[in-house]
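Mapping of the sequence shown onto mature numbering (1 follows the signal peptide of the UniProt record, and there is no 0): residues -27 to -1, 1 to 907, in sequence order. The beta carbon of each residue, even a glycine, is placed where N, CA and C say it ideally should be. None of these values were measured; they are calculated from a predicted model.
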Amino acid sequence: MERLWEITPTLVFSVCVLLTCVNVAETHVGVKRNVRSSQPQLEVTEFHVKSVVVSRYARTTVISSVFNPQPRAQEATFEVDLPPTAFISNFTITSNGKEYVSQVKPKQTAKKIYEAAKEKGQTAGLVATRQEFSDKFSIAVSVPPGERLSFKMSFEQLLARRLGSYELVLGLRPTQPVQNLTVEVTITERTGISWVRVLPLRTDQHLSNTLADDKGDDIGTLWRSEKRARVFYSPSIEEQASSSPKGLSADFVLKYDIIFTDLIGDVQVYDGYFVHYFAPQELPVVPKEVIFVIDVSGSMFGSKLEQTKEAMDTILTDLRRHDYFNIVTFATDAYTWQSNGTIAATAANVKRAKDFMKKLKVRDSTNINAALVKAGHLLRSSTSSREGSRGVPLVIFLTDGEANHGVTHKPTMRRNVREALGPAALFGLAFGRGADYDLVRQLSLDNRGVARRVYSDSKVVLQLKDFYDEVASPLLSDIQLSYNDDQAFDVTRSLFPNYFQGSELVVAGRIHPGARNLDVTLDAFDTKKHLTAENSILISDPQPSEDPSASESTLDQEEISGFVRRLWAYMTIKELLLTAENTSDPAALAELKQNATSLSLKYNFVTPVTSMVVVKPEAQEEEKEKEKEKASEEEEDLDEASSPGSFRKKAKLKLASPVKSTRTHSGRSFASSGDGDPHYVVHLPKLETNLCFTIDGHASDVIRLLEDAENGITVDGRLMWAPPEVGHEDAERTYFDQIVVSRSGAEPVVVTVTLDAVNVSRQGGPDKTLKTGAVGSIRGPDLWVHIDEHLRCWVDLGQGISFLVLLHHYKHPDYLQLNHLGFYLARADGLSVGTQGLLGQFQHADIKIEERERPEGLRRAQARDGSVLGLGTLRRGTARVPVTLKRKKLKDTVRKPHAGLCWEVQKADVAKILAQPYEAYIQYSDRLSPKFMH
């Protein structure tokens, strides 16, 4: 039997296991995050929030641990109120010392897993879909007496620039004082940080960029350099209790802005992806022509209307003299303050408008269609009467209800409003829980704008004024950011209707392999002139700087490398889903959702088309899994006899007679390998010992692992990006995601191994493909490509040369784990003396290792993994390199990894033992699948 939790951003359901009911309810409460433990009897022992922001892209991890000191089981609830723009990328429960990592699945697949659990006897149900409250993540789990349970969640978001700053909000709501509570934020910005503030804790959940934020002293400890900032906050128990007996219940708010230097913006290119941040400074504010459309139906009675009047009084005061405006109110019908278009925002006209607002009273029903169509007519009327002096056309629309009078059919309303507004941008405000936010959002998106919720239980006047301020100062219109089609592809949205002061436009895309430059063109308009600008970005490795902060700059670039790829995926998924919302064609809709699903699964994002499932096997099933693993390991001990070595027939093998080896375990020893991060292991046959080293490559590097010119054989491996370790975000991690084995000569062949398939391409014949999830083989002259029963890929080229490619697929990956490949030189007897390549060069290299000293009293056979067992000097030619003998986990046969000895070379010294500089082994991407050589 299994314990199962399903996590999805839009569904509400309950899962009952044995006598414990796990309720999962998802609600929307704004743009903050919080974590709560539902039972006061449980002790929250740890509460940690860590956020890493690189070029506005934030990745946040929340960890909460609870302990149950009671003699009975207690229920712990983990809740995180996600920002609407965030995607969950990892969720892990640690129970009784074991981790259970969630899986992201397509929605229907997740539902099938869920239903299957019910059929096994579990009480489970899918209760409802509630889009309005879709931003809260919540899961409840029973904690046995005397045990500890931990939750860990990661989510990712792009921070938007609003009113001249970026804002990161982290919820601190553990529901009790916590002995170990920390918040850590690291910010890295390539162009530099102009200022950063940690504001006083915010107790109002719905406020963002308001003047209220500036009151009080900053909190936490701040370290800052030109391009990096780090904040650490750890309030004591007393400080938490002074806020409330239940501890903190507030948001940690950090705001900052960056240094802008180029009119065309900041373009960053890394590992085949680019991101373009456009936020030009010091442009003049252009006039605007704004229609305020205000709901005065019966539901606005009381405080809602009074708050709206107060906010409008401030907004009207802020209109500039060169602006034009008008007011439309609506209930059963639409009413205009001035019937002939818009009027200038002179002091006298503003006073008249304020007097009009003060006299407003509520009426009957809600006719949204009539009001917005009327606004469009007013804008067209004023444009025709003042040719050449028109400002940027805007409509600011506020309603607290649903359309219940006049045209109420939503598709018809959307069509009518689009036709009426034309080029005007519509910015919608859904006031309170009774407002039809979905309709307001659709109308806004249809008409070049955005929508926002206004929460009636918060400071409404500040919310309304805050929203207006964002669009009050237009600088440019019809902004087109263009990129050369020969250089860039899969580009996200690059045409924008307006650019407002204090905001930022963001575009991401991919770079064609081999492109050396990225040409960027800007076309935009203000009310009087057409603006153009061009720039060409050199696509190359970052060059050392003479600036004193050069080392820090290089570190920033390494950090950004992996984030640009994820940012592109994040933005692309959002745009695919948005396009799907406005698509009526079934075939196009299915394709859009499939593309969004594929990207979501690849990057482990929980989105509206995916769900997250956590499965915890019960004790009996865990025992069965252990037995299966043990049986599998015993089978692998004998697998040498069935590996495809030089096309020999399979030999019958007696259990009492293992294959002989010069090593202490059964199975032929591999000559060398590159696996994991990647870590390289080379067996030195002359010394009968191993050499281990690690090289930090970069995503999309294609590395020449082996090159035997005499036999015409090459092996290339392509690196892909992997998430950085927590606390080491400045260190890039990579895995292999493609291995290409090529052979030239009389029988040329190219074998391309990926995580999904193995493709064999031979001159003069059709390509053949094996799926990596099933046993199969392809034979040819001096060739056997075989996927065995353990789903390992063997490539045997005959004459004593064969390779093994391990396909690492994780059933329950954690944040650091991505599916990847491992490369092993299984048989190297046939390689020529002149073999080169990052791994191949060591097959016949003249290397000596002189052991200098050994720690006293340490027996190597009893040493723990990682223990230092000796110090030595490696000699290769004129190079002298210190090495350390360590006990490590080694994978050097078909068996599972085992403890073995290895001479480790420090990263700083690896270059000294290579025949050529590391850069010489990096091939161009277009050589990954080489043409046949004759």
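Can you tell me the Cα-Cα spacing of residue i and residue j, whole angstroms?
| i | j | result |
| --- | --- | --- |
| Gly873 | Leu145 | 46 Å |
| Ser509 | Val480 | 16 Å |
| Gly482 | Ala561 | 22 Å |
| Leu540 | Val841 | 41 Å |
| Arg425 | Val380 | 23 Å |
| Phe51 | Arg406 | 25 Å |
| Ser216 | Val142 | 19 Å |
| Ser584 | Pro384 | 29 Å |
| Gln879 | Pro855 | 8 Å |
| Leu172 | Arg853 | 54 Å |
| Glu140 | Val226 | 7 Å |
| Ala307 | Ala344 | 5 Å |
| Arg466 | Val493 | 14 Å |
| Asn182 | Val17 | A caution first: Asn182 carries a pLDDT of 42, below 50, which makes its placement in the model too unreliable to give a value. |
Under a three-way DSSP split, which group does residue i fall into?
| i | result |
| --- | --- |
| Arg294 | coil |
| Phe303 | strand |
| Ser111 | strand |
| Glu548 | helix |
| Arg539 | helix |
| Leu143 | strand |
| Arg388 | helix |
| Ile210 | helix |
| Val158 | strand |
| Ser138 | strand |
| Ala852 | strand |
| Asp463 | coil |
| Pro470 | strand |
| Pro559 | helix |
| Ser312 | coil |
| His782 | coil |
| Leu449 | strand |
| Ile820 | strand |
On the criterion of 16 or more Cβ atoms from any shown chain inside 10 Å, does residue i qualify as buried, or is it exposed?
| i | result |
| --- | --- |
| Glu477 | buried |
| Trp876 | buried |
| Gln254 | exposed |
| Glu443 | buried |
| Gly220 | buried |
| Tyr783 | exposed |
| Gln889 | exposed |
| His249 | buried |
| Ser312 | exposed |
| Trp694 | buried |
| Ala893 | exposed |
Once you ignore the five residues that flank residue i on each side, which residues in its own chain have a CB closer than 6 Å to its CB?
| i | result |
| --- | --- |
| Pro754 | Glu720 |
| Asn377 | Ser338 and Thr339 |
| Ser207 | Thr155 |
| Leu887 | none |
| Met273 | Val335 and Asp373 |
| Thr203 | The sequence shown places Arg at residue 203, not Thr. Correct list, in chain order: Thr159 and Trp196. |
| Pro447 | Val259, Lys261, Val365, Asn471 and Phe473 |
Does the beta carbon of residue i come closer than 8 Å to any beta carbon on chain C?
| i | result |
| --- | --- |
| Trp310 | You won't find chain C in this structure, because it holds only one protein chain. |
What does DSSP give as the partner residues of residue i in its beta bridges?
| i | result |
| --- | --- |
| Gly873 | Lys861 |
| Lys78 | Ser584 |
| Asp286 | Paired residues: none, contrary to the question. |
| Trp757 | Arg752 and Asp769 |
| Ser123 | Ser38 and Thr67 |
| Trp168 | Asp230 |
| Phe578 | None; Phe578 has no bridge partner. |
| residue 908 | Lying outside -27 to 907, the shown extent of the chain, residue 908 is not represented and no answer is given. |
| Gln711 | Arg691 and Thr727 |
| Gly647 | Tyr653 and Phe796 |
| Leu371 | Ile267 and Leu402 |
| residue 928 | Absent from the model: residue 928. The displayed extent of the chain is -27 to 907, so no value can be given. |
Kindly list the residues whose CB is nearer than 7 Å to the CB of residue i, restricted to its own chain and excluding five residues on each side of it in sequence; keep chain order.
| i | result |
| --- | --- |
| Ile210 | Pro150 and Gln152 |
| Tyr891 | Ile668 and Ala884 |
| Ile484 | Val242, Gly245, Tyr246, Phe247, Gln460, Ala461, Leu491 and Ile512 |
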